[in-house]
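Contents: one structure, followed by commentary.
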Amino acid sequence: MEYWNCGANGRSGARGGNMTDKEIATRLRRLEDREEIRVLVALYSKHVDDHDFSALATLWAPDARYSWKDSPDVTIGGEKVAALLKSRIEPTGPSFHVNHDHVIEFGDDPDHATGLVCAHAETSGPTGQNMAAIRYHDRYVRHGGQWKFAERALAFLYFTPVGDYHEIMRAEHRMRLPNGKTLLAHWPTFQS
Numbered sequence: 003m004e005y006w007n008c009g010a011n012g013r014s015g016a017r018g019g020n021m022t023d024k025e026i027a028t029r030l031r032r033l034e035d036r037e038e039i040r041v042l043v044a045l046y047s048k049h050v051d052d053h054d055f056s057a058l059a060t061l062w063a064p065d066a067r068y069s070w071k072d073s074p075d076v077t078i079g080g081e082k083v084a085a086l087l088k089s090r091i092e093p094t095g096p097s098f099h100v101n102h103d104h105v106i107e108f109g110d111d112p113d114h115a116t117g118l119v120c121a122h123a124e125t126s127g128p129t130g131q132n133m134a135a136i137r138y139h140d141r142y143v144r145h146g147g148q149w150k151f152a153e154r155a156l157a158f159l160y161f162t163p164v165g166d167y168h169e170i171m172r173a174e175h176r177m178r179l180p181n182g183k184t185l186l187a188h189w190p191t192f193q194s
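The number in our numbering is simply the position in the sequence shown, starting from 1, with 2 added.
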């Protein structure tokens, strides 16, 4: 059986013409995969903010990698990633991670995908409240029938105390860490 592929305006959709049951099933599976990956990313933020590190550990493939851009340090495995994040996050106060745009791309292997997640975070700690703009560079893998992180690398546009937010976008050193260290951000500032 074949189906007519109509776009929102009633004309032929992007693929045009007729679609087979197999093509429809493949496209439906891809839509379901996208949604499952979006839920995976949302759960990462929820578990970090809830300080639920046991649940966080379940989101990773066994050989998953976690890193910061430009850092030689790579943490491998869900339990180790959760332990690392626990050591950095548990001593702090509340946080709130918000995911924005999420680009998910698939290749030929239906069990692998890549993603770019744009996000903001509000964090608190002994030195006060901070704000961050983050890009997560992700690889996802279907493991045991569920989508998991295969890799997550963080890159920051800025990390700054709330009081410095008004000037941070024009600064060269936009990584103003709670320990007082300042660093270049992971992607450039464009000046006119």
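Cβ coordinates follow ideal geometry from the N, Cα and C atoms, glycine included. If you're wondering where the values come from, they're calculated on a predicted model, not measured in any experiment.
Buried versus exposed, by CB contacts within 10 Å (16 or more), residue i
| i | result |
| --- | --- |
| tryptophan 189 | exposed |
| arginine 154 | buried |
| glycine 117 | buried |
| glycine 146 | exposed |
| threonine 28 | exposed |
| glycine 80 | buried |
| asparagine 181 | exposed |
| leucine 179 | exposed |
Alpha-carbon spacing of residue i relative to residue j, whole angstroms
| i | j | result |
| --- | --- | --- |
| serine 194 | alanine 187 | Because serine 194 sits at a pLDDT of 34, beneath the cut-off of 50, its placement in the model cannot be relied upon, and the following sentence gives the value as read from the coordinates. Using only the alpha carbons, I get a separation of about 18 Å. |
| arginine 31 | alanine 152 | 20 Å |
| glycine 109 | proline 128 | 44 Å |
| aspartate 23 | tyrosine 167 | 53 Å |
| proline 93 | glutamate 37 | 33 Å |
| lysine 71 | phenylalanine 161 | 14 Å |
| histidine 99 | asparagine 20 | 43 Å |
| histidine 1 | isoleucine 26 | There is simply no residue 1 to check, as the chain begins at 3 and stops at 194 in what is shown. |
| serine 97 | leucine 185 | 22 Å |
| arginine 141 | alanine 135 | 20 Å |
| leucine 42 | serine 89 | 22 Å |
| methionine 177 | alanine 157 | 11 Å |
| threonine 125 | valine 50 | 11 Å |
| glutamate 107 | arginine 137 | 16 Å |
| arginine 67 | leucine 159 | 21 Å |
| alanine 173 | methionine 133 | 15 Å |
Reduced DSSP category for residue i - H, G, I as helix; E, B as strand; rest coil
| i | result |
| --- | --- |
| aspartate 51 | helix |
| histidine 139 | strand |
| methionine 3 | Confidence in methionine 3 is poor, its pLDDT being 35 and thus under 50, which makes the residue's placement too unreliable to answer from. |
| serine 69 | strand |
| alanine 63 | strand |
| leucine 186 | coil |
Pair within 8 Å by beta-carbon distance, residue i and residue j
| i | j | result |
| --- | --- | --- |
| glycine 130 | valine 83 | no |
| leucine 87 | leucine 58 | yes |
| valine 143 | histidine 114 | yes |
| leucine 33 | leucine 45 | no |
| isoleucine 91 | histidine 139 | no |
| asparagine 101 | valine 76 | no |
| aspartate 65 | tryptophan 149 | no |
Which residue spans inside the stretch 92-179 form an unbroken alpha helix (DSSP H) run of at least 4? 167-170
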